[in-house]
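Chains as they are written, first to last, in my numbering: chain A, 1330 to 1637; chain B, 1330 to 1637.
Virtual Cβ for every residue (Gly too), placed ideally from N, Cα, C.
All values derive from a computational prediction rather than experimental measurement.
Notes for the one structure printed next.
There are 2 protein chains.
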Amino acid sequence: MKLAIGVDLGGTDIKVGVMDRPGVLLKKATLPTRAADGPDQALDRLAEHIRELARRLGLRTDEIAAIGVGAPGPIDRDAGVLIAAPNLPGWENTKICPRLSVALGAPVSLENDANAAAFGEFAHRIAAGERISSMVLFTLGTGVGGGVVIDRRLVRGSYDSAGEIGHMIVEADGRKCPCGQSGCLERYASATGISATFQERGGAAVQMTRDICSKAERGDPIAMGAFDVAAKMLAIAIINLQHLLNPELIALGGGVAAAGNVLLEPVRRYARELTWRLVDDLPRIELAVAGNDAGMLGAAALALTNQQ
Amino acid sequence: MKLAIGVDLGGTDIKVGVMDRPGVLLKKATLPTRAADGPDQALDRLAEHIRELARRLGLRTDEIAAIGVGAPGPIDRDAGVLIAAPNLPGWENTKICPRLSVALGAPVSLENDANAAAFGEFAHRIAAGERISSMVLFTLGTGVGGGVVIDRRLVRGSYDSAGEIGHMIVEADGRKCPCGQSGCLERYASATGISATFQERGGAAVQMTRDICSKAERGDPIAMGAFDVAAKMLAIAIINLQHLLNPELIALGGGVAAAGNVLLEPVRRYARELTWRLVDDLPRIELAVAGNDAGMLGAAALALTNQQ
Chain A
1330 MKLAIGVDLG GTDIKVGVMD RPGVLLKKAT LPTRAADGPD QALDRLAEHI
1380 RELARRLGLR TDEIAAIGVG APGPIDRDAG VLIAAPNLPG WENTKICPRL
1430 SVALGAPVSL ENDANAAAFG EFAHRIAAGE RISSMVLFTL GTGVGGGVVI
1480 DRRLVRGSYD SAGEIGHMIV EADGRKCPCG QSGCLERYAS ATGISATFQE
1530 RGGAAVQMTR DICSKAERGD PIAMGAFDVA AKMLAIAIIN LQHLLNPELI
1580 ALGGGVAAAG NVLLEPVRRY ARELTWRLVD DLPRIELAVA GNDAGMLGAA
1630 ALALTNQQ
Chain B
1330 MKLAIGVDLG GTDIKVGVMD RPGVLLKKAT LPTRAADGPD QALDRLAEHI
1380 RELARRLGLR TDEIAAIGVG APGPIDRDAG VLIAAPNLPG WENTKICPRL
1430 SVALGAPVSL ENDANAAAFG EFAHRIAAGE RISSMVLFTL GTGVGGGVVI
1480 DRRLVRGSYD SAGEIGHMIV EADGRKCPCG QSGCLERYAS ATGISATFQE
1530 RGGAAVQMTR DICSKAERGD PIAMGAFDVA AKMLAIAIIN LQHLLNPELI
1580 ALGGGVAAAG NVLLEPVRRY ARELTWRLVD DLPRIELAVA GNDAGMLGAA
1630 ALALTNQQ
């Protein structure tokens, strides 16, 4: 039995999963990151945890086929180094792959976490019997991230910076973004963006997207309007993806997608209303299904692919 | 020697080229399409021309490794059928591949002409020694078309409708497009779009982009403004491509790109001005180099790939 380990390295938690084929989780666990204590202790505990997992499965760690780590970028994928991450202060230039592969004797590869999540969503659907070869995942959280799968392969880009869907410009000269652009999708369709629209239109200062969502469910026009703006901007991004890549599926994940139909219905309506009339080639638009496991699923699946 | 034939089927001309490796043309010729006389006579003349080409090269037609045809879409690629084309009236449902492969005894494959041109530009650059694996070609003509190459492969999309770059929305609620959308790139950056901006701003009714270009070169502010709008919209589309796919190169081709620096300089300036400040991952932006040969080069190169 060939086993792969997927790791999703976050600012709060480290998620670890064991898979015997892409997209199927045998076992999972969560460790605290204790980010402020620096990378050494975290990587030591992670290695020890993986050793323990292997022991329980009756394996030596050098019998693990592949270990994949998803981490917030930017990363140097070839070197397996985390360059920097806003929610992992003090972790600059952490040599994740070299350290773990020496500690465990198994091949370790590093991926951008949003790209890993997109490939995890894809692998999860394939494992469940879905027949797709191309999809785009939008991860709608505090910001908007994502990833692109074409012909069953993750699109990484020439500087490993593909899939930065949140910074597609959907409104020329629109809202200023901290990235330096104006009119980024993220400014409208993230939790931050929805909250900004809500307050801009006179809604009370509420902190959580789920509160605005509850209001929208109860018919509050300002809350509904905030989701409507997010949905229209998402629809424009989806239409642009459709024309450029013609993927089969758009999956909406992340905390904001927990709004379910409050978000999904207007996104579908706008996409159908605003797209062209020439060919009916709009992709399916669905909620993501792999949830919080997507990152580790994808990291493991990509690590296995890298071994082939 | 394995030879491939590339065909670019247009409303006016049929271009035919012979290649012994992707991106390198040994010989080329042009036949009139005589579109109004229907597909039978055109395909008969094309088959006869290919027979004659093979004869001169001392080959039987069934020794040709692959024949690739690029045609204006929509096409049914699997069946090798041209479904319809605005500038080939009466050619609906022409069985291009079945007819040519029976007539010639060689494998024939069909591609969308804009996608073929993108792959031709890519193959041409690779043959010339350039080391790239991803690029996007914008074909700026009466409309705006294009094609996407990722990891050395053409992105065709799930309904073969990828690369419709002209219909990316760059201005929400912008100019109406005959396709049914509003704010398509094509409405600003095609010859038609540049002409519309020029007249909208009070420029005299001139028909040709090259006349507006000459005026812009002489410093006419209205003409310069029309190219400026096209350039800004192209820059937004390029930034969106950058974030989504992070390609190495954007190539600008088609009749409008003959404007050279009148177009290229403001596109580069806007792209640099409007893109994010987080990572310097803007692709190179250049004029296309394969010119009118791109379609047949790409059709042949893709046909060879299909045989592998």
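A distance below 7 Å separates the beta carbons of Gly-1409 of chain B and Ile-1425 of chain B.
In this structure, DSSP gives Lys-1357 of chain B an extended state, which the three-state scheme calls strand.
Scanning A:Val-1398, A:Pro-1361, A:Val-1618 for the CA closest to the CA of Ala-1456 of chain A turns up A:Val-1618. Taking all protein chains shown into account, Val-1431 of chain A has fewer than 16 neighbouring C-beta atoms within 10 Å of its C-beta and is therefore exposed. For Glu-1440 of chain B, no alpha helix (DSSP H) segment is defined; the enclosing uninterrupted segment is the beta strand (DSSP E) at 1437-1441.
Per DSSP, reduced to three states, the secondary structure at Cys-1508 of chain A is coil, with no helix or strand assignment.
Taking a beta-carbon distance threshold of 7 Å, Trp-1420 of chain A does not count as an interface residue toward chain B.
Under a criterion of Cβ atoms nearer than 9 Å, the residues of chain A adjacent to Pro-1576 of chain B are, in order, Gly-1486, Ser-1487, Ala-1491.
Residues of chain A whose Cβ lies closer than 9 Å to the Cβ of Asn-1569 of chain B are, in chain order, His-1496, Met-1497, Ile-1498, Val-1499, Ala-1566, Asn-1569, Leu-1573.
Under the 7 Å criterion on CB atoms, Gly-1474 of chain B is classed as non-interfacial with respect to chain A.
Taking C-alpha positions only, Tyr-1599 of chain B is separated from Ala-1560 of chain B by approximately 7 Å.
With a beta-carbon spacing of about 13 Å, Pro-1361 of chain A and Asp-1337 of chain A fall beyond the 8 Å limit used to define contacts. Per the C-alpha coordinates, the member of A:Glu-1500, A:Ala-1586, A:Arg-1547 positioned closest to Ala-1566 of chain A is A:Glu-1500. Per the coordinates, the alpha-carbon of Pro-1403 of chain B lies some 12 Å from the alpha-carbon of Gly-1492 of chain B.
In this structure, Met-1348 of chain B sits away from Ala-1371 of chain B, with a CB-CB distance that is not shorter than 7 Å.
A straight-line Cα-Cα distance of about 29 Å links Ala-1623 of chain B and Lys-1544 of chain B. For Pro-1595 of chain B, same chain residues with a beta-carbon under 6 Å away, outside a window of 5 residues either side, are Asp-1557, Ala-1560 in chain order. In the structure shown, the three-state DSSP call for Thr-1521 of chain B is helix. Annotation: His-1572 of chain B to Asn-1441 of chain B spans about 25 Å, alpha carbon to alpha carbon. Fully enclosed beta strand (DSSP E) runs of no fewer than 3 residues occupy 1464-1469 of the stretch 1446-1471 of chain A, in order along the chain. Around the Cβ of Gln-1510 of chain A, a 10 Å sphere holds 16 or more other Cβ atoms; the residue is buried. Apart from the 5 residues on each side of it in sequence, Trp-1420 of chain A sits with its Cβ closer than 8 Å to the Cβ of Ala-1364, Gly-1367, Pro-1368, Leu-1411, Ala-1413, Ala-1414 in its chain, given in chain order. For Val-1558 of chain B, no beta strand (DSSP E) segment is defined; the enclosing uninterrupted segment is the alpha helix (DSSP H) at 1550-1574.
Contact of Leu-1603 of chain A with chain B by beta-carbon distance below 8 Å involves Ile-1498, Gln-1510, Ser-1511.
Considering only beta carbons, the part of the stretch 1446-1466 of chain B lying closer than 8 Å to chain A consists of Ser-1462, Ser-1463, in chain order.
Within a 10 Å sphere around the beta-carbon of Lys-1344 of chain A sit 16 or more other beta-carbons, which makes this residue buried. Look at Ile-1479 of chain B: its C-beta is under 7 Å from a C-beta on chain A. In chain order, Pro-1403, Tyr-1488, Ser-1490 make up the part of chain A whose C-beta sits under 8 Å from the C-beta of Val-1608 of chain B.
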